[in-house]
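Peer 1: Please find one structure pasted underneath; my questions will follow.
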């Protein structure tokens, strides 16, 4: 249901003003039952803008990408903006690419070329990359074993990462 119906709204505040019946659609579950969904279809992906543990609002992922690019040296910012690459399952939501592109373009001059690339096989690309990284000998010193975790606790993650 998530993959078929949910989407990232280009302008969530505008979608919130739509009449509920305009946003509502029916979905047939595998057991044959029908469920209706409305604004949940675009609100669910907006979870990307809340820190899960604290429920503190934060900028949507597009704003965070932009803020990261701005922290890079000026001479490479435009090059990075031309080569933004979407990876991972959440980027498969309809409208994700368009919203990210809009948010990146909002922060730069009109003359700056922004391109967001979205490879077809991106659903598992994060897992593939992590599995390659984990298989490298040079990466073993940052592995956290169950023994490490049981001995030190959650802080072992921070120790091994930084």
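In the numbering used here, the protein residues as written are 473 to 634. Backbone N, C-alpha and C fix where the C-beta goes; we use that ideal spot for every residue, glycine too.
#1: Check each candidate in 564, 602 and 546 and name the one with the smallest Cα separation from residue 595.
#2: If we ignore side chains and look at the alpha-carbon of each, how far apart do residue 485 and residue 632 end up?
#3: Excluding the 5 residues preceding and the 5 following residue 477 in the sequence, name in chain order all residues of the same chain whose CB lies nearer than 7 Å to its CB.
#4: Opposite residue 589 in the DSSP bridges: which residues?
#5: Hey, would you say residue 558 sits closer than 8 Å to residue 541, going by beta carbons?
#6: With residue 535 and residue 570 assumed to form a contact (beta carbons below 8 Å), what rounded beta-carbon distance in angstroms separates them?
#7: With a threshold of 8 Å on Cβ separation, who are the neighbours of residue 474 within its own chain once the five nearest residues in sequence on each side are excluded?
#8: One question on the structure: do residue 587 and residue 555 come within less than 8 Å of each other, judged by their Cβ atoms?
#9: What separation, rounded to the nearest whole angstrom, lies between the Cα atoms of residue 620 and residue 601?
#10: Measure how close the beta-carbons of residue 568 and residue 480 come, nearest whole angstrom, since I'm counting them as under 8 Å.
#11: Kindly give me the distance between the Cβ atoms of residue 550 and residue 578, rounded to whole angstroms, as I take these residues to be in contact under 8 Å.
#12: To the nearest angstrom, how far is it from the Cα of residue 627 to the Cα of residue 615?
#13: Once you ignore the five residues that flank residue 572 on each side, which residues in its own chain have a CB closer than 6 Å to its CB?
#14: Under the rule that 16 or more other beta-carbon atoms within 10 Å means buried, what is residue 634, buried or exposed?
Peer 2: The answer reads as follows:
#1: 564
#2: 41 Å
#3: 497, 499, 509 and 513
#4: 557
#5: no
#6: Incorrect: roughly 15 Å between the Cβ atoms, too far for contact.
#7: 516
#8: yes
#9: 24 Å
#10: 5 Å
#11: Contact doesn't hold; Cβ gap of about 16 Å is too wide.
#12: 13 Å
#13: 534 and 588
#14: exposed
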